[in-house]
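A.B. asks: First the structure, then my questions, so here it is.
Protein chains in written order, with my numbering: chain L, 1 to 63; chain X, 1 to 122; chain G, 1 to 888.
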């Protein structure tokens, strides 16, 4: 079982968060355009990049 | 009146010497060869002082001493114990039983006489 | 151009000798082998029809990596168990089953072949585009360019991955090269993306606006919620694929050098994915917009677009990028697959069937390498065949997803194995077979059908015409795209069978042990715990021989030396052949030939004993030991008690002796002092008074003399006694005539008798044998007895008779008197020191009381006895015996 490793647990939490975040039905929300760019495009990449950024912070953070 | 001395010893030669010694000093002397005789003689002779040997058959000097001290009538009797055994335990035992003096053999006749006189004078 | 890359990779491969160049970044980037030519070409192609749906393939891995704990566990297990492939992993978990290993390998190979075909297709297509139709002139007509490519790839792979056998199956150079090519891929792709977006169009905004304005294209900008099911399915699928594709497993788990590297990979790799995908949609849109009205292959937009603008260098760069992506994938994938084929498929079969042939070969490393090389060629060949058979009908992405669905079948067995101890081999086999079968039926076969190689009947109408068994609408589940459909059914069957069969079956001992080790891998620190479950005997020689054969001698020795050093021994030859050592050997072997085969080999060498019986024996042994021990304890206790008792007795005796000694001394003192008293007193008196009359004086002097004599006698006797008792007396043994001695003694004491008027007569035998004795001492005894006799008999009527008789064994002398006799008590007492018989009051005896004790000592010294027989009033008879000398 997963060790009581806070880092791993946080990462796993991010993963669990990411599932609904990057799939329907949430994905059906952004519609149309935002600032001239297709909303889904922006949302997807934005959310995705954010997730990765958070992961980076957690993974490389203080031990 | 002359003091009476009872000599008790199982060695005849010692008795002889002591008897002569005491007689010479002017005491009245009686002798006994063993413990029983000693007690009997005490009763009949009524000595003032007793020279009592420890190692004796029938009754040892200690027993005689004890018996005599138990007898209130003989409270004034002076007992001088004589013995060849000089161990401290013996001396202590003798004193504890009520002997007035303890002399080890061989003794000095002069000293013995002096002691006897001293005791009788007191 | 390809050569350039080959060289670059070779250079990296050199660097693996010695220092590890795998850093966290390198490790993270190497994961990007996931992005193959599919990413390069296929994504764009997919985007032209599905919009953003292509992203699912990359979202899945991102999310899966966030569950890093799972991956860490996988890595930990693989390291501790020395597992070198997926087949190894699964087989090891379920009791090192060779069946499972083989099954997994077969599924992997079949599943991945389409993927490899994909790469071939991509390379072929890109080459085609690049060379712009000149390709046909490049090579002789009879050679299909794709085949050539396949052959080249096979060659590269062989050169790359089969130079030697590594127990850990790590290929550091390869990993470094892959990381390098990942960077190249990224650069190339971004380059073309930038080119198209900003070079050909006015940037993102303009691109999107133009798309929105074009009918039929604006939907690509939005997400189609009707495809929700597919979306989720694809995310799941890719999330599984990131681990279960053989090459991914190889890179992530097997090639992992340091668990902490995973930390970097968790975000760096997803970041890579983000970056490489940003320009996919723009590229697709750009292509669509640009090539409107023309026939196009969207998969090759990345090439055709720059070419259309005359950017040939860029196109070349892109081609190189795509080529490197493809080769990277192929190399790693084939190496991983060939390892599995060799270790988990071929070797077990070889070992089993032609055991002698294989077992006797001295060095099998060559054979192993050979098998792998053949496998590599075979895989590529299969890939080519599939390409030919089915490659035409699908877009690239479609083919890739078929492979994804295949490797997804490993998921239940793997995850179940890692977290569920009840998962059994039977369950895993059932699940795998079931899922694989469904996959075959719903995806692979239809792919052949769609290309026209086999009849489409079962696809359209169901197997045997049964509508419910339509290949891509099983049991009426329509409305899903074929991938999702297949995924759903195959996983359903897989998981269902796995769980169901596992619950109904029982794991055997090895499986259970493995289950423990896998599920609780974090709890088992070190490797010591495994030794518990093994019992057997093995010879060091045989184990070492195994290692030599499969690892190659120098390498085997190296590993042995390391292991020995790890256990604190200088020479590996002095290693104890215990369970730990066997485990070590097994682990080493599994690196070379797979864990299942390793187990077989080691088991054949080590004679394992039945666990159950052994345990019973052990217990029995213990019980008997305990009983024996407690009995010993009891016995010791008894001994102890006896010894204590003895000690106490001895102590008592000592104390008594001490007392006796004290008594003796005080008695002696007394005895000595008594005559002294008389002597002194009388002497003093004589001295004091010279007037003493002569009679008294004479008397006194006589006494003095007597006493002095007495004293002297006493002292003499005491010394005599002391000498006799301590054994320091001097004895002069000679032949002695007892009769003569007796007569002499009688003579010397005659006067004494006459003085007291006591009759003395002797009754002496005529011939008395001679004895060995001390003459003087015997005389002493006689005199003692006679003087005693005369002392105690009454004067005048006293009679003393001496008899000397020669007996059988001794001469007997009796002194008989008619004195007062002795009581029984006195008979004993008189022999004690200083004790005298008779009434000591009436006549003090002249004796010292030592005569008899001394006499007895003397007599007993000669071996005889001295005693008295008497009763009161009946006189006394003193008897002593002197034994005759022993005749020869």
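Note that the Cβ used here is the ideal one computed from N, Cα and C, for glycine as well.
1. List, in chain order, every chain G residue whose beta-carbon is nearer than 9 Å to that of residue 15 of chain L.
2. Quick check: the segment 295-303 of chain G against the segment 59-77 of chain G, are at least 3 beta-carbon pairs closer than 8 Å?
3. When DSSP labels each residue in this structure, what does residue 613 of chain G get in the three-state scheme?
4. When you compare the CB of residue 123 of chain X with every CB in chain G, is at least one pair closer than 8 Å?
5. Looking at the structure shown, is residue 4 of chain X part of a helix, part of a strand, or coil, going by DSSP?
6. Compare the C-beta of residue 242 of chain G with all C-beta atoms of chain L and state if any pair is closer than 8 Å.
7. In or out: residue 638 of chain G buried (at least 16 other Cβ within 10 Å) or exposed?
8. Over what stretch of residues does the alpha helix (DSSP H) that includes residue 553 of chain G continue unbroken?
9. In whole angstroms, what is the alpha-carbon distance linking residue 228 of chain G and residue 25 of chain L?
10. Taking 8 Å as the CB-CB cut-off, is residue 48 of chain L touching chain G?
11. Is any beta-carbon of chain G found at less than 8 Å from that of residue 20 of chain L?
12. In this structure, does DSSP put residue 38 of chain L in helix, strand or coil?
13. Anything in chain G within Cβ reach of residue 37 of chain L, meaning under 7 Å, just list it in chain order.
14. Mapping DSSP to helix, strand and coil, what is residue 533 of chain G?
15. Using the beta-carbon of each residue, which ones in chain G are nearer than 7 Å to residue 44 of chain L?
16. Does residue 447 of chain G pass the burial test, meaning 16 or more other C-beta atoms within 10 Å, or should it be called exposed?
17. Between the Cα of residue 32 of chain L and those of G/874, G/55, G/219, spot the shortest distance and give me the residue it belongs to.
18. So which of G/816, G/87, G/770, G/718 has the shortest CA-CA distance to residue 851 of chain G?
19. Using a threshold of 8 Å, state whether the C-beta atoms of residue 498 of chain G and residue 431 of chain G are closer than that.
20. Quick one: which residues of the segment 6-28 of chain X get their C-beta closer than 8 Å to a C-beta of chain G? List them in chain order.
21. Note down, in chain order, each residue of its chain lying with its Cβ closer than 7 Å to the Cβ of residue 149 of chain G, except the 5 sequence neighbours on either side.
22. Just verifying my parser: in three-state terms, what is the DSSP assignment at residue 830 of chain G?
23. Could you give the C-beta distance for residue 68 of chain G and residue 348 of chain G, rounded to a whole number, given that I count them as a contact under 8 Å?
24. Which residue from G/331, G/882, G/98, G/183 puts its Cα closest to that of residue 805 of chain G?
25. Which runs of the beta strand (DSSP E) fall wholly inside the segment 723-788 of chain G and span at least 3 residues, in chain order?
26. Going by beta-carbon coordinates alone, are residue 674 of chain G and residue 107 of chain X separated by less than 8 Å?
27. Under 7 Å between beta-carbons, which chain G residues line up against residue 55 of chain X? List them in chain order, please.
28. Can you give me the Cβ contacts of residue 739 of chain G inside the same chain, cut-off strictly under 8 Å, excluding the 5 residues immediately before and after it?
29. Among the candidates G/570, G/560, G/853, G/569, whose CA atom is the shortest distance from the CA of residue 583 of chain G?
30. Should residue 114 of chain G go down as buried or exposed, given a rule of 16 or more other Cβ atoms within 10 Å for buried?
31. Can you grab the Cα-Cα spacing for the pair residue 669 of chain G / residue 87 of chain X, in whole Å?
32. Just to confirm the assignment, what range does the beta strand (DSSP E) spanning residue 801 of chain G have?
33. By alpha-carbon positions, which one of X/12, X/20, X/43 ends up nearest to residue 695 of chain G?
34. Identify the residues that DSSP records as bridge partners of residue 814 of chain G: which are they?
35. So, with DSSP's three-state summary, where would you put residue 79 of chain X?
36. Quick check on residue 51 of chain L - is its C-beta less than 8 Å from some C-beta in chain G?
C.D. replies: Per the coordinate set shown:
1. By one-based count along the first chain, residue 15 of chain L stands at place 15. By Cβ distance, chain G contributes 62, 63, 64, 65, 66, 67, 68.
2. no
3. Taking the third chain and counting its residues from 1, one reaches residue 613 of chain G at position 613. Low confidence applies here, because residue 613 of chain G scores a pLDDT of 46, under 50, leaving its location unreliable; read the following figure in that light. The answer is helix: DSSP assigns residue 613 of chain G an H, G or I state.
4. Past the edges of chain X, shown from 1 to 122, lies residue 123 of chain X, and the structure says nothing about it.
5. Sequence index remark: in the second chain, residue 4 of chain X carries index 4 (1-based). Residue 4 of chain X: strand per DSSP, three-state reduction.
6. One-based indexing of the third chain puts residue 242 of chain G at position 242. False, the Cβ-Cβ gap to chain L never drops below 8 Å.
7. Here residue 638 of chain G refers to the residue found at position 638 of the third chain. Residue 638 of chain G is exposed by the Cβ-count criterion.
8. In the third chain, counting from the first residue as 1, residue 553 of chain G sits at position 553. First-last of the alpha helix (DSSP H) with residue 553 of chain G: 553-566.
9. For the purposes of this step, residue 228 of chain G is taken as the residue at position 228 of the third chain. For the purposes of this step, residue 25 of chain L is taken as the residue at position 25 of the first chain. About 8 Å.
10. Translated into the one-based positions of the first chain, residue 48 of chain L becomes position 48. Cβ-Cβ to chain G under 8 Å: yes for residue 48 of chain L.
11. Taking the first residue of the first chain as 1, we reach residue 20 of chain L at position 20. Chain G contact via Cβ: absent.
12. As a position in the first chain, residue 38 of chain L is number 38, starting the count at 1. Strand.
13. Here residue 37 of chain L is taken as the residue at index 37 of the first chain, counted from 1. In chain order: 204, 205, 208.
14. Reading the third chain from its first residue, position 533 is the one you call residue 533 of chain G. Residue confidence is low: residue 533 of chain G scores 41 on pLDDT, short of 50, so the model does not pin down where it sits. Its coordinate-derived value is still stated next. In this structure, residue 533 of chain G counts as helix in the three-state DSSP scheme.
15. Taking the first residue of the first chain as 1, we reach residue 44 of chain L at position 44. In chain order: 52, 55.
16. As a position in the third chain, residue 447 of chain G is number 447, starting the count at 1. With 16 or more other Cβ atoms within 10 Å, it is buried.
17. Locating residue 32 of chain L in the first chain gives position 32, where the first residue counts as 1. Of the listed residues, the one whose Cα sits closest to residue 32 of chain L is G/219.
18. As a working mapping, residue 851 of chain G is identified with position 851 in the third chain. For the residues G/816, G/87, G/770, G/718, the minimum Cα distance to residue 851 of chain G belongs to G/718.
19. By 1-based counting over the third chain, the position of residue 498 of chain G is 498. By 1-based counting over the third chain, the position of residue 431 of chain G is 431. Going by C-beta atoms, residue 498 of chain G is nearer than 8 Å to residue 431 of chain G.
20. Within the segment 6-28 of chain X, contact with chain G at the beta-carbon level (separation under 8 Å) is assigned to 10, 11, 12, 13, 14, 16, 17, 18, 20, 21, 24.
21. In the third chain, the residue the question calls residue 149 of chain G occupies position 149. Excluding positions up to five away in sequence, the list reads 120, 123, 124.
22. Looking up residue 830 of chain G in the third chain gives position 830. The answer is coil: DSSP assigns residue 830 of chain G none of H, G, I, E or B.
23. The residue you call residue 68 of chain G lines up with position 68 of the third chain. The residue you call residue 348 of chain G lines up with position 348 of the third chain. By a beta-carbon distance limit of 8 Å, residue 68 of chain G does not contact residue 348 of chain G. Their separation comes to about 33 Å.
24. Looking up residue 805 of chain G in the third chain gives position 805. Taking only the C-alpha atoms, the option nearest residue 805 of chain G is G/882.
25. For the segment 723-788 of chain G, whole beta strand (DSSP E) runs of length 3 or above, ordered along the chain, are 733-736, 759-764, 771-774.
26. Locating residue 674 of chain G in the third chain gives position 674, counting from the first residue. Locating residue 107 of chain X in the second chain gives position 107, counting from the first residue. No, they are not a contact pair.
27. Within the second chain, numbered from 1, the residue matching residue 55 of chain X stands at position 55. Under the 7 Å cutoff, chain G gives 670.
28. Locating residue 739 of chain G in the third chain gives position 739, where the first residue counts as 1. Short of 8 Å from the beta carbon of residue 739 of chain G, and not among the five residues preceding or following it, lie these beta carbons of its own chain, in chain order: 764, 765, 768, 804.
29. Locating residue 583 of chain G in the third chain gives position 583, counting from the first residue. Comparing Cα positions, the closest option is G/560.
30. Counting from one through the third chain, the residue named residue 114 of chain G turns up at place 114. With 16 or more Cβ atoms within 10 Å of its Cβ, residue 114 of chain G is classed as buried.
31. For this step, residue 669 of chain G is matched to residue 669 along the third chain. For this step, residue 87 of chain X is matched to residue 87 along the second chain. Their Cα atoms are separated by approximately 10 Å.
32. Position 801 of the third chain, counted from the start, is the residue given in the question as residue 801 of chain G. Annotation: the continuous beta strand (DSSP E) that includes residue 801 of chain G extends over 799-806.
33. Within the third chain, residue 695 of chain G is the residue found at index 695, counting from 1. When the alpha-carbon of residue 695 of chain G is set against those of X/12, X/20, X/43, the nearest one is in X/20.
34. Counting from 1 along the third chain, the entry for residue 814 of chain G is found at position 814. According to DSSP, residue 814 of chain G bridges with G/803, G/879.
35. Locating residue 79 of chain X in the second chain gives position 79, where the first residue counts as 1. It is a strand residue.
36. Taking the first chain and counting its residues from 1, the one referred to as residue 51 of chain L is at position 51. Closer than 8 Å: yes.
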